[in-house]
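Residue numbers (this note's numbering): 92 to 173.
Every residue, glycine too, gets a C-beta built ideally from N, C-alpha and C.
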Amino acid sequence: MERSEIISTTKKFLSEEFEVAIDSIQDDKNLRDTLDLDSLDYVDLVVLIEENLGFKPTADDFKSVETFGDFYDLVEGKLKMA
Numbered sequence: 092m093e094r095s096e097i098i099s100t101t102k103k104f105l106s107e108e109f110e111v112a113i114d115s116i117q118d119d120k121n122l123r124d125t126l127d128l129d130s131l132d133y134v135d136l137v138v139l140i141e142e143n144l145g146f147k148p149t150a151d152d153f154k155s156v157e158t159f160g161d162f163y164d165l166v167e168g169k170l171k172m173a
């Protein structure tokens, strides 16, 4: 999956699940703040990733994720390893 496809796919399911405008999901924006994530929301996020992208990230995977750009890097890296 190309990065552009990763971005469009994740924007769609993040926007729908967390009820935010797609336009608010920008590479340099903070993932947690933009989506207003709490610890339970991260569980939902893991399920969404598994359902939509085919892999299950761990809590350690999210330690380096601050922005949506970081999130896309994580997804891209995991998909390349699969």
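| Check | Outcome |
| --- | --- |
| Three-state secondary structure assigned by DSSP to T100 | helix |
| F162 to A112 span [Cα, whole Å] | 17 Å |
| Selected residue, minimal CA-CA separation from A150, among K171, D132, G160 and E167 | D132 |
| Secondary structure of T125, DSSP reduced to three states | helix |
| Contacts around V166, its chain only, beta-carbon distance under 7 Å, and the 5 residues preceding and following it disregarded | I97, T101 and L144 |
| K154 versus D129: straight-line alpha-carbon distance, rounded | 14 Å |
| Residues bridged to T158 [DSSP beta-bridge criterion] | N121 |
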